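Student: As numbered in the working numbering, residues 4 to 402 make up the sequence shown, in order.
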Amino acid sequence: MSAKFAVLGHGVVGSGVVELFYKNKKSIEKRAGTEMDIKYILDLRDFPDSPYADKFTKDFNVILNDDEVTSVAECMGGVEPAFTFVKACLEKGKSVSTSNKELVAEKGDILLAAAKEHGCNFFFEASVGGAIPIIRPLHRCLAANDISRVAGILNGTTNFILTKMYNDHMSFADALKLAQELGYAEKDPTADVEGHDACRKICIISSLVFGKHVYPKSVYTKGISQIDLVDVADADILGNAIKLVASVTRLENGKILPAVMPMLVPYENIMSGVNDVFNAVLVYGDGIDQTMFYGRGAGKLPTASAVLGDVIEAVKHNVTVLSQSWESSEDDSFIAPVTEFCARWYFRVPEDKCNCEGAYSDDNGAAFITEEKLTWAEAEAKAKEMNAFAFMPVFQSAS
Ligand code: HSE
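Have a look at this one:
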């Protein structure tokens, strides 16, 4: 018997799923233990020249009502209509594998519950870190650990832009254009550059690790659009790379603090060397100490690889292997406010305001890193007092 699946959306990721599936069909079938085929591709556009033109449909109900389709790859992006389609598939007992981080970050609890109730799978390995296996390792391979912190570079577009600014002194706008051409950026790249995409991904990780749904609205998020080339150069002179870091830490009071913000990552930390479209995720646990996951965080085939991995998993198992992941939580009092964030800080201030040792000075002011840790409020007060041109926290290796 052949396992039939459908692909919802034929954009960058959806077309990658079709391409990679037919390229590696034989080995995929061997690993799945059964013959497989794509029965439908859903898209509102026409693709008359596609070798798979006969598989296209514009009508979701054709897929929903075809009992031969047991699995669906959702690659449309956005909450609607993806949520309606995915929920309907799960309620019909069709497993869904998605690359849609917005969907998982906003509705993951509901969809996991629907999958559990209807005896099928809701998988989302591709929603975080592109090609990197991180969801299943966190849920299964590291399940014996008490995980206290996860931190990473979770957006390929911003990491690509920061790398171009650092290596080639390329302007922010030119680097963003290139990232869009390479298929890394979201449809609206504001989601990348303002940190919303990384925020959705740290929400998914936080929910998975700490067991309660963390919504994007509860997470402090700052992107990279305000980063100046001067600070990229000064951070380098002080021994750091600027990275957009998404992290979640369990505090001593038991609350968790998820946040997304540009940070200086010291060169001795392995994350400072993660460049271009690559992502990295550092997991801190009592058994593992720290483990890093690294790979391509965006792009057609890297993301398709993760989606198809899930489709194969869904075809192999008809039990719900992620269903115990996390529960709904309207009350977000388990999340600490960003004011509880504490770190060493980088400042760039007018030269006459600075009499600190180790500062680097030039025409753009004096740049230095505090010896002591400051809370968020203390850092803001210091920046105001010194008329700072820029200030950013420094990433700390261990919590
Ligand atoms: N726009 C996203 C990124 C795509 O740049 O990381 C992968 O989620």
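Using N, Cα and C, we set each Cβ at its ideal position, and we do this for glycine too. Since the model is a prediction, treat every value here as computed from it, not as a measurement.
#1: With DSSP run on the structure shown, which of helix, strand or coil describes residue 246?
#2: Ordered along the chain, which non-local residues of its own chain (more than five positions away) have a Cβ less than 7 Å from that of residue 168?
#3: Report the start-end ranges of each beta strand (DSSP E) in the region 312-359 that is 3 residues or longer and not cut off at the edges.
#4: If distances are taken between C-alpha atoms only, which option among 90, 89, 152, 120 comes closest to residue 284?
#5: For residue 26, which three-state DSSP category applies?
#6: Among the candidates 145, 252, 17, whose CA atom is the shortest distance from the CA of residue 75?
#7: Give a yes or no on whether the C-beta atoms belonging to residue 310 and residue 100 are separated by under 7 Å.
#8: Could you pull out every residue in the same chain whose Cβ sits closer than 6 Å to the Cβ of residue 129, ignoring the five residues on either side in sequence?
#9: Work out the CA separation of residue 55 and residue 215 for me, nearest whole Å.
#10: Measure the alpha-carbon distance for residue 325 versus residue 173 and round it to whole angstroms.
#11: Can you tell me whether DSSP reads residue 7 as helix, strand or coil?
#12: Between 28, 10, 269, 199, which lies nearest to residue 43 when the distance is taken from Cα to Cα?
#13: Using the beta-carbon count (16 or more within 10 Å), is residue 188 buried or exposed?
#14: Please list the terminal residues of the continuous beta strand (DSSP E) segment that includes residue 287.
#15: Taking the DSSP output, what are the residues bridged to residue 75?
#16: Return the residue from the list 295, 376, 229, 381 that minimises the CA-CA distance to residue 197.
#17: Excluding five sequence neighbours on each side, which residues of the same chain lie with their C-beta closer than 8 Å to the C-beta of residue 364?
#18: Quick check on the burial criterion: 16 or more other C-beta atoms within 10 angstroms. Buried or exposed for residue 77?
#19: Any heavy atom of the ligand HSE inside 6 Å of the beta-carbon of residue 134?
#20: Would DSSP call residue 218 helix, strand or coil?
#21: Any heavy atom of the ligand HSE closer than 6 Å to the Cβ of residue 189?
#22: Pairing CB atoms from the region 253-263 with CB atoms from the region 103-123, are three or more of them under 8 Å?
#23: At what residues does the beta strand (DSSP E) containing residue 294 begin and finish?
#24: Rounded to a whole number of angstroms, what is the C-alpha to C-alpha distance between residue 287 and residue 249?
#25: Taking DSSP as the reference, what is the three-state secondary structure of residue 306?
#26: Using the C-alpha atoms, what's the distance from residue 375 back to residue 170?
#27: What separation, rounded to the nearest whole angstrom, lies between the Cα atoms of residue 204 and residue 210?
#28: For residue 390 and residue 182, I'd like the C-alpha separation in whole angstroms.
#29: Whose C-alpha, out of 245, 96, 95, is nearest the C-alpha of residue 166?
#30: Could you check whether the Cβ of residue 250 sits closer than 7 Å to any Cβ belonging to chain B?
#31: For residue 21 and residue 155, what's the separation of their Cα atoms in angstroms?
#32: How far does the beta strand (DSSP E) with residue 393 in it extend, from its first residue to its last?
#33: Count the other CB atoms within 10 Å of the CB of residue 220; is the residue buried (16 or more) or exposed (fewer)?
#34: Would you report the Cα separation of residue 242 and residue 90, rounded to the nearest angstrom?
#35: For residue 481, which three-state DSSP category applies?
Tutor: Judging by the given coordinates:
#1: strand
#2: Here the set comprises 175, 178, 232, 235.
#3: 348-352
#4: For residue 284, the nearest C-alpha among the options comes from 152.
#5: Helix.
#6: Of all alpha-carbon atoms in 145, 252, 17, the one lying nearest the alpha-carbon of residue 75 is that of 17.
#7: yes
#8: 102, 306, 309, 310
#9: 41 Å
#10: 42 Å
#11: strand
#12: Of all alpha-carbon atoms in 28, 10, 269, 199, the one lying nearest the alpha-carbon of residue 43 is that of 10.
#13: buried
#14: Judged by DSSP secondary structure, residue 287 falls within the beta strand (DSSP E) whose first and last residues are 281-288.
#15: Per DSSP, 9, 99.
#16: 229
#17: 354, 357, 370
#18: In this structure residue 77 is buried. Its beta-carbon is surrounded by 16 or more other beta-carbon atoms within 10 angstroms.
#19: No, the ligand HSE has no heavy atom inside 6 Å of this Cβ.
#20: coil
#21: True, at least one ligand heavy atom lies under 6 Å from that Cβ.
#22: no
#23: 292-299
#24: 14 Å
#25: Note: residue 306 maps to helix in three-state DSSP.
#26: Rounded to whole angstroms, residue 170 to residue 375 spans 30 Å at the Cα level.
#27: 10 Å
#28: 34 Å
#29: 245
#30: Considering every chain present, this structure includes no chain B. It has just one protein chain.
#31: Using only the alpha carbons, I get a separation of about 29 Å.
#32: 393-396
#33: When all chains shown are included, residue 220 counts as exposed.
#34: Straight through space, the alpha carbons of residue 90 and residue 242 are spaced by roughly 48 Å.
#35: A question about residue 481 goes unanswered here, because the residues of the chain that appear run from 4 up to 402.
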